[in-house]
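The listed protein sequences correspond, in order, to chains A and B.
Note that this note's numbering has the first sequence beginning at 797, numbered continuously upward.
Note that this note's numbering has the second sequence beginning at 441, numbered continuously upward.
Everything below concerns the one structure shown next.
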Amino acid sequence: MNAWRNPRNNLALALLLGLFGGLFIARALGAHRIDPFPALSFAPPPPGSYILHRIMPAPDGPVVGIDGRSRPLSQYTRGQMTLLGFIYTTCVDPEGCPLAYRVFDTLKKAIAATPALTGKVRFVTLSFDPARDTPDVMRRYAGSRAVDMSGGLRWYFLTTRSARELMPLVEGFGQDVRVTYDRSSGRARRELSHVLKVFLIDRAGDVREIYSSLFLHPQTVLNDIETLLMEESLRSSPASVTKNTR
Amino acid sequence: MGYIYPGRIVLFVIACWAFAGTAFGDETCNSPYISKLIKGQEDYVYVWTLGVEGLGDGFDKLITIDVDPKSKSYGKVLNTLSTGARVEAHHMGFTDDRRHIWAGGLSDNRIWVFDVATDPARPKLVRTIADLGEKSGYLGPHTYYALPGRMLVQALSNTKDKSGRTGMALYNNNGQFIASYAMPTEGGGDGYGYDLAVNPKKNALLTSSFTGHANYMRPLGDLIKDGEAMKKFGNSMALWDLKAMKPKKIFSVPGAPLEIRWSLNPKDDWAITATALTAKLWLVKQDGRGEWIAKDVGTVGDPAKTPLPVDISITQDGKGLWVNTFMDGMTRYFDLTNPEAPKQTYEKITGKQVNMVSQSWDGKRLYITSSLLANWDKGGSDNEQFLRGFAWNGKELSQKFEIDFTKEKLGRAHHMKLGSKALRAG
């Protein structure tokens, strides 16, 4: 079948043809301003043509939502594809937390525009600064994102009650963090130095991809989500079941 | 053709300007995924050292050298961490968060993981990974290349016949095996492995090829007389789709291409390597049609004399390349302003035998070690074993310190990594 005969794709084609500038694109994507992302400078392998191995199980432990209630993190990392990233709300490194935020924002729009992904993906933003990032601070940080359900995608903003609760999660994900002080402005500004990592977690709670800033591109993440969905689809298809039970 | 996700189309539309330049590199020859670059003065050089029977405890060890010129112990050994094993210690690599160094030996399958973040002056052994052979069938882990949360390990041999047929193994940072990937044997691939290097912008992984355990553990004098054995060296490089971990193209690069260095200039997308047996520099790049090609772009010394280029170190701007040749003990500098035509502009004998060369990010300091392989190092008085530190002013290398690894009863000095007090964890 020619994909462009699909009405949904015709709509997308119209969008593609009609949009030549970032300004118009941002308007088409909705209320949030989406900074344009650079094109990948390579042709990525098509979704489903590669394997995302199980890297490690996502760790579990208590986290706190913006409603102030404590729940196990596994409640936010199982049952759906989860894209999880650590942040701290005072981070200003453009290649750090803000980059992850931009990627999540862009992906949310892309997923909302893709009916096949409705209800299959969630985002989790987890603070590693429990001293400052209280549930109230996280609620303000999240803004409308925490309640926007477009595309059936929930974006959870979580924190922990203490470093004691946080550290097993940080260690479990292999997310390094250390306190440093930037004195370049004359005043010591506290920073949480870390390698930006975003984790793609499958429905079973296994980490299947880890993106650092050099890897983190909305196109790559979307391809990976599609790859995992195709893997699930193959696993649950009758042919696959027959093959596996022989 | 299947259904095209509209969301993907939206993403393609969004993509509209050049890739934001991201500084990468470290002391110029590490994985671009490693964070926390040392851009000023390094405090330490870690030297992964082969044990020598009867010298000190005789075991392979990680040695920390103080290289801060302001320190009272400048040019001295700060710490020695013995592994209690002697397995032809060879190379090592940082994890992506730079908290750990992975190191291994070519006659064995074990990988030692050292914590260099808790106290950078005094690394601690925190883990030994022992399942490489069992899980992958590979032997002799060589290159340790950080990927996000993972380490890609290139081996040189295999446990079955100890030939050069080998592959790569992927581990998570906790040391748990994830997957293995055989070196290509079709389409011109010869199955050998040596180094690997990634260009994230191009989703490109390049691999090179050397020889197997049966050759590299054999005394060099015997080996070069054995015509059949000398045929068993790699003559290829492979370009892989990094995301898919599938080989895409094989290049004929005769004479054992070894270390691979992508230009660190964000505007460049080429890599360079040196061939050990044919003493050539090869460039890997995309041609005008976007096709990846490998080109012979120059020689190192007189190839007829087999100078044996063994290590290269690229400058952070991609404009220069240091090349060490083992046989003549020479350190050469090539101007890479035009990578299609490298031009040698400087040379100096830096030892009776020299192997690894590492430069600081600012290019002002150069560190050189002496050992190639236990059975390939020279004999008698030519068997110098050292770490030498040099200053480079753009015209001349000036030796600043030397540690005699034999006199200090340490062993054979091989691979180096730079460390810093500023990278202390916590």
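Beta carbons: idealized from backbone N, C-alpha and C, even for Gly.
- Query: CA-CA distance, aspartate 559 of chain B and lysine 857 of chain B?
  - Reply: The straight-line gap from Cα to Cα measures roughly 15 Å.
Checklist line | Within chain A, the residues that glutamine 616 of chain B reaches when beta carbons sit closer than 8 Å | finding: Within 8 Å of the CB of glutamine 616 of chain B, the CB atoms of chain A belong to Met852, in sequence order along the chain.
ask   = Taking the Cβ atom as the reference point for each residue, do histidine 855 of chain B and tryptophan 488 of chain B lie within a distance shorter than 7 Å?
value = Taking a C-beta distance under 7 Å as the contact criterion, histidine 855 of chain B and tryptophan 488 of chain B qualify as a contact pair.
(message) Out of A:Ser989, A:Ile997, A:Arg1031, which one is the CA nearest neighbour of leucine 1018 of chain A?
(response) When only C-alpha atoms are compared, the closest one is A:Ile997.
*asked:* For a test of the three-state rule: what should DSSP assign to glycine 555 of chain B, helix, strand or coil?
replied: Per the sequence shown, residue 555 of chain B should be read as aspartate rather than glycine. Note: aspartate 555 of chain B maps to strand in three-state DSSP.
| If you follow the alpha helix (DSSP H) that asparagine 655 of chain B is part of, which residue opens it and which one closes it? | It spans 653-656 - the alpha helix (DSSP H) in which asparagine 655 of chain B sits, taken as one unbroken run.
- CB-CB length for threonine 523 of chain B against aspartate 500 of chain B, believed under 8 Å: With 8 Å as the limit, threonine 523 of chain B and aspartate 500 of chain B qualify as a contact, their Cβ atoms being about 5 Å apart.
Relative to the alpha-carbon of serine 597 of chain B, which residue among B:His653, B:Asp742, B:Lys835 has its alpha-carbon at the smallest distance?
Answer by Cα proximity: B:His653.
query = How about leucine 1010 of chain A: is its C-beta nearer than 7 Å to some C-beta of chain B?
reply = Yes, leucine 1010 of chain A lies at the interface with chain B (some Cβ there is under 7 Å from its Cβ).
Under 7 Å between C-beta atoms of glycine 970 of chain A and asparagine 613 of chain B:
Against a cut-off of 7 Å, the Cβ pair of asparagine 613 of chain B and glycine 970 of chain A comes out as a contact.
request  = Could you pull the start and end residues of the alpha helix (DSSP H) that lysine 725 of chain B belongs to?
outcome  = Note, lysine 725 of chain B: premise wrong, no alpha helix (DSSP H); beta strand (DSSP E) at 720-726.
Subject >> the ligand HEM heavy atom lying under 6 Å from the CB of serine 1008 of chain A >> reply: The ligand HEM is not part of the structure shown, which contains no ligands of any sort.
* Asked: Apart from the five residues on each side of it in sequence, which residues of its chain come closer than 6 Å, Cβ to Cβ, to alanine 622 of chain B?
  -> Take alanine 622 of chain B, set aside five residues on each side of it, and the residues of its chain with a beta-carbon closer than 6 Å to its own are Gly607, in chain order.
Item to check | Cβ of valine 933 of chain A within 7 Å of any chain B Cβ | outcome: Not a single C-beta of chain B is nearer than 7 Å to the C-beta of valine 933 of chain A.
field: Own chain, CB closer than 6 Å to phenylalanine 841 of chain B, minus 5 neighbours either side, in chain order
entry: If the five residues before and after phenylalanine 841 of chain B are omitted, its C-beta is found closer than 6 Å to the C-beta atoms of Gly515, Gly829, all from its own chain and listed in chain order.
Classify glycine 767 of chain B as helix, strand or coil using the three-state DSSP reduction. A small fix is needed here, since residue 767 of chain B is methionine in this sequence, not glycine. Reduced to three states, the DSSP call for methionine 767 of chain B is coil.
inquiry  = Run through chain B and tell me which residues come within less than 8 Å of valine 860 of chain A, C-beta to C-beta.
reply    = Below the 8 Å Cβ cutoff, chain B contributes no neighbours of valine 860 of chain A, its closest Cβ being approximately 24 Å away.
For proline 840 of chain A, return the contacting residues in chain B, with the cut-off set at a CB-CB distance below 8 Å.
Residues of chain B passing the Cβ test: Asn643, Lys683.
### Query
Just checking my contact of glutamine 403 of chain B with tryptophan 801 of chain B at CB under 8 Å: how many whole Å lie between their CB atoms?
The structure shown has nothing for residue 403 of chain B, since chain B only spans 441 to 866.
Notebook entry, point to check: For a contact meaning CB atoms closer than 8 Å, what does glycine 577 of chain B contact in chain A?
Noted result: Result: empty, since nearest Cβ-Cβ is about 17 Å, beyond 8 Å.
Margin query: Could you check whether the Cβ of arginine 539 of chain B sits closer than 7 Å to any Cβ belonging to chain A?
Written below: Yes, its Cβ sits closer than 7 Å to a Cβ of chain A.
**Prompt:** Does the beta carbon of glycine 589 of chain B sit closer than 7 Å to a beta carbon anywhere in chain A?
**Reply:** The beta carbon of glycine 589 of chain B falls within 7 Å of a beta carbon belonging to chain A, placing the residue at that interface.
Restricting to Cα atoms, I'd like to know which of B:Arg658, B:Gln616, B:Val556 is closest to asparagine 815 of chain B.
Looking at the Cα atoms, B:Arg658 is the closest of the given residues.
Whole-angstrom distance between aspartate 1020 of chain A and alanine 824 of chain A, CA atom to CA atom: Only weak support is given to the placement of alanine 824 of chain A: the predicted model assigns it a pLDDT of 31, under 50, and the value that follows is read from those uncertain coordinates. The straight-line gap from Cα to Cα measures roughly 25 Å.
Item to complete: Could you tell me the boundaries of the beta strand (DSSP E) in which aspartate 506 of chain B lies?
Response: Residues 501-506.
- Query: Can you name the residues that DSSP bridges to valine 485 of chain B?
  - Reply: Answer is B:Ile505, B:Leu858.
- [ ] Give the secondary structure of phenylalanine 969 of chain A by DSSP, where H, G and I count as helix, E and B as strand, and everything else as coil.
- [x] Here phenylalanine 969 of chain A sits in helix by DSSP.
Quiz prompt | C-beta neighbour in chain B for arginine 898 of chain A, strict 7 Å | solution = For arginine 898 of chain A, the answer is no, since every Cβ of chain B falls outside 7 Å of its Cβ.
Next on the checklist: So, under 8 Å CB-CB, arginine 699 of chain B and alanine 714 of chain B are touching, yes? Tell me the CB distance rounded to an integer number of Å.
Outcome noted: One point to set straight first is that residue 699 of chain B is glutamate, not arginine, in the sequence displayed. The pair is a contact, with the Cβ atoms about 7 Å apart (cut-off 8 Å).
* Taking asparagine 613 of chain B as the query, report the chain A residues whose CB atoms sit under 7 Å from its CB, ordered along the chain. => What asparagine 613 of chain B touches in chain A: Gly970.
Exposed or buried, which one is leucine 813 of chain B when buried takes at least 16 other CB atoms within 10 Å? Using a 10 angstroms sphere on the CB of leucine 813 of chain B, the tally of other CB atoms reaches 16 or more, which defines it as buried.
Margin query: Looking at chain A, is there any beta carbon in it that lies within less than 7 Å of the beta carbon of alanine 865 of chain B?
Written below: With 7 Å as the cut-off, alanine 865 of chain B counts as an interface residue toward chain A.
Along the stretch 994-1028 of chain A, where does the CB come closer than 7 Å to a CB of chain B? Name the residues. Answer set for the stretch 994-1028 of chain A: Ile1006, Tyr1007, Ser1008, Ser1009, Leu1010, Phe1011, Pro1014, Gln1015, Leu1018, Glu1022.
Amino acids of chain A, ordered along the chain, whose beta-carbon sits closer than 7 Å to that of aspartate 536 of chain B | Those within 7 Å of aspartate 536 of chain B in chain A are Val991, Ser1008.
Neighbour flag for serine 837 of chain A against chain B, beta carbons, 7 Å = Taking Cβ atoms only, chain B reaches closer than 7 Å to serine 837 of chain A, which makes this a yes.
What is the DSSP secondary structure of glutamine 793 of chain B, counted as helix, strand or coil? Glutamine 793 of chain B: coil per DSSP, three-state reduction.
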